[in-house]
Amino acid sequence: MNGFYDFSPDRERARCSRIGWSLFAMVLLTQLAGIVCLWLLPRLFPALAGLVWYAPALSILLPMLIGYPLLCLLLLPVKPLAAPEARPMRPLQFLGALVCAFGLGYLCNFVTVLLTTAFGELLGRPYENPLFSLAGTLPFPVLFLFMVVIGPILEEYIFRRVLLERLRHWGERFCMFASAAVFALAHGNLSQLLYAFAVGLVLGYVVLRFGRLRYSVLLHMLLNLPGALILGLLGPQMLYALEQQPQQMVEFGRQAAGMLAVTLILSEFVLLTILGSVLILTFRRQQLLLPRGPMGWPEKLKYRLFFTSPGIAAYIWLSAVLILLALLWG
754 MNGFYDFSPD
764 RERARCSRIG
774 WSLFAMVLLT
784 QLAGIVCLWL
794 LPRLFPALAG
804 LVWYAPALSI
814 LLPMLIGYPL
824 LCLLLLPVKP
834 LAAPEARPMR
844 PLQFLGALVC
854 AFGLGYLCNF
864 VTVLLTTAFG
874 ELLGRPYENP
884 LFSLAGTLPF
894 PVLFLFMVVI
904 GPILEEYIFR
914 RVLLERLRHW
924 GERFCMFASA
934 AVFALAHGNL
944 SQLLYAFAVG
954 LVLGYVVLRF
964 GRLRYSVLLH
974 MLLNLPGALI
984 LGLLGPQMLY
994 ALEQQPQQMV
1004 EFGRQAAGML
1014 AVTLILSEFV
1024 LLTILGSVLI
1034 LTFRRQQLLL
1044 PRGPMGWPEK
1054 LKYRLFFTSP
1064 GIAAYIWLSA
1074 VLILLALLWG
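For the sequence shown, the positions run 754 to 1083 when our numbering is used.
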């Protein structure tokens, strides 16, 4: 590949900018479609205004129906230059990747809680995770289908196939970090930003190291499974109890022992995965390193060309504005 491809900075900067503008268009059009659907359709069909699940359903469906297809279409001129070599992933390697993804994700969640709590204090009101709006509004089978099945498949194809194969010639190490950053910003809210970046690093590593999208899809499904179960099964029960009369609260209180047991199990799971991820990354760090790539460019130059290209910069600014709006009026 080195002998046939011109790694000129201007060419690569233009290539990155095309990717960035495509991401920008994906996010912007999805947001505009959401505004139209929330404002126009309930006026044309008044019955939609009374449906509590309408807005949460839009937040799930619009990226899948509009944003991702548009991104794939806009990126067609940016040809993929290489695909990772396929190799089998052993069960212990898969387990290690799962532990790292959970552990790093939970560590990032702790930082996120501190940040959102601080913002809540500044704003004078608690900051609510946008995912919580799904609890109790969508039927659990629907929530499960989109969070655990459809969502991971589509997101892995977009961010770990379409994007990775258009960045891999920059070096797998850079590609892993750049694609994780793009993936995190695509969520458009502070609650998922750091978590998605950490998880994106692990999922990107798996695809680059083993060359098979099915491994990252399965990992993504397993990562989303606890959240779907908590939101879909525990969330509605707790919300229902808080909104009901005291007698329902007493009945819910009888389940406190079970809830305490679930809480303890989850707490131990969180601590074990964090400890496991720290141990794996500490003692296996050298074996986990990915190659820097054939370019021979300094890593700082790659990051500067990528993140300062006009398209990527526009995508970052748009994502930052959306995150800020979600903080102020979410």
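In this text, a Cβ means the ideal position worked out from N, Cα and C, and glycines have one as well.
The structure displayed is predicted, hence computed values, not measured ones.
Leaving out the 5 sequence neighbours to the left and right, which residues in its chain are closer than 6 Å to S775 when beta-carbon positions are compared? Apart from the 5 residues on each side of it in sequence, S775 sits with its Cβ closer than 6 Å to the Cβ of L824, L827, L828 in its chain, given in chain order.
Taking S1030 as the reference, give the member of Y968, L848, V915, T1061 with the closest Cα. The shortest Cα separation from S1030 among Y968, L848, V915, T1061 belongs to L848.
With a CB to CB cut of under 7 Å and the five nearest residues on each side skipped, what residues in its chain are close to F899? Once the five neighbours on either side are set aside, the close Cβ partners of F899 are I813.
DSSP state of A939, grouped into three classes? The answer is coil: DSSP assigns A939 none of H, G, I, E or B.
Using CA atoms only, rank isn't needed, just tell me which of V780, L797, L834 is closest to I819. I819 has its Cα closest to that of V780, out of V780, L797, L834.
Reference L1042; option with closest CA among L966, L982, L961: Comparing Cα-Cα distances from L1042 to each of L966, L982, L961, the minimum goes to L961.
Do you know offhand how far G964's Cα is from P894's? Those two C-alpha atoms are separated by around 31 Å.
For H973, report the span of its alpha helix (DSSP H) as first-last. Per DSSP, H973 belongs to the alpha helix (DSSP H) from 966 to 982.
Take the Cβ of Q1040 as the centre, count every other Cβ of all protein chains shown within 10 Å, and call the residue buried at 16 or more, exposed below. Exposed.
Tell me the DSSP secondary structure of P892 in three-state form. Under the three-state reduction of DSSP output, P892 falls in the coil class, being neither helix nor strand.
Exposed or buried, which one is T890 when buried takes at least 16 other CB atoms within 10 Å? So T890 ends up on the buried side.
Does the distance from the C-beta atom of T865 to that of L947 stay below 8 Å? Contact check for T865 against L947 passes: the beta carbons are separated by less than 8 Å.
Whole angstroms is fine: what's the gap from E881's alpha carbon to F777's? Near 26 Å, if we compare the C-alpha coordinates of F777 and E881.
Cutting at 6 Å between CB atoms, please list the residues of its own chain near L815, excluding the five before and the five after it. By the criterion of a C-beta distance shorter than 6 Å, L815 is surrounded in its chain by T783, A786, G787, once the five residues flanking it on both sides are discounted.
Does the contact criterion of 3 or more C-beta pairs under 8 Å hold for the segment 971 to 984 versus the segment 949 to 956? As far as the Cβ criterion goes, the segment 971 to 984 touches the segment 949 to 956, which means the pair count is three or higher.
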